[in-house]
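Heads up: the sequence shown begins at 1 in this note's numbering, then just goes up one per residue.
For each residue, glycine too, the CB sits at the ideal point set by N, CA and C.
I have placed the structure first, in the form of C-alpha cells, so that the comments after it can refer back to it.
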Amino acid sequence: MTKAASITLATGIAALALASCSPRQGGSLTLKGSDTMVILGQRWAEAYMKAHPGTVVQVTGGGSGTGIAALINGTTDICMSSRPMKEEERAQIAQKFGSPPQEI
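Here it is, written out as C-alpha cells:
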C-alpha cells in the first residue's frame, strides 16, 4: 500500500469514528490518548470542524493508557491508542456502558 493510500485509509477510518460519535450541531467531542497519534488526531479534528461548522473537537495526548482510562471513566468520547486494549479494559468499558468498545 502506498503512503498516500495509507493516509487516505486512516483519514477515512477517523472520519467514521468521529461520525459515529457525532454531536448535535454546535456540540463538542473530545479525543484523548496516544502521544504518538496526537498530531494526526488534531489534523482529523481540524478537518472535521471545517466540514461541521459550530462543532468543537478537543484533542489531548497523555498516552494510550491515559486515553483508555479516560474512556473507561467517561471523560472522553474517543480514545486514541497506539496499542490494542487489554481484555480487562474492554471488560470495564462493557460493564460500565453496557456494550463493548469499538476498536478501529
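Between the CA atoms of residue j and residue i - distance to the nearest angstrom
i: His-52; j: Gly-61; result: 23 Å
i: Thr-48; j: Gly-74; result: Note that residue 48 is Tyr in the sequence shown here, rather than Thr. Roughly 22 Å separates the two Cα atoms.
i: Arg-90; j: Gly-41; result: 22 Å
i: Gly-33; j: Thr-66; result: 6 Å
Residue i (DSSP reduced to helix, strand or coil)
i: Ser-105; result: Outside the shown range of the chain, which is 1 to 104, sits residue 105, and nothing can be said about it.
i: Ile-78; result: strand
Sequence-distant residues of the same chain with beta carbon closer than 8 Å to residue i, five excluded per side
i: Asp-35; result: Gly-61, Gly-62, Gly-63
i: Ala-94; result: Pro-100, Pro-101
Spatially closest choice to residue i from the options, by CA coordinates
i: Phe-97; options: Ile-72, Gly-67, Lys-50; result: Ile-72
i: Thr-30; options: Ser-99, Met-80, Pro-84, Glu-103; result: Met-80
Other residues of its chain near residue i: CB distance less than 6 Å, five sequence neighbours each side excluded
i: Arg-83; result: Ser-64
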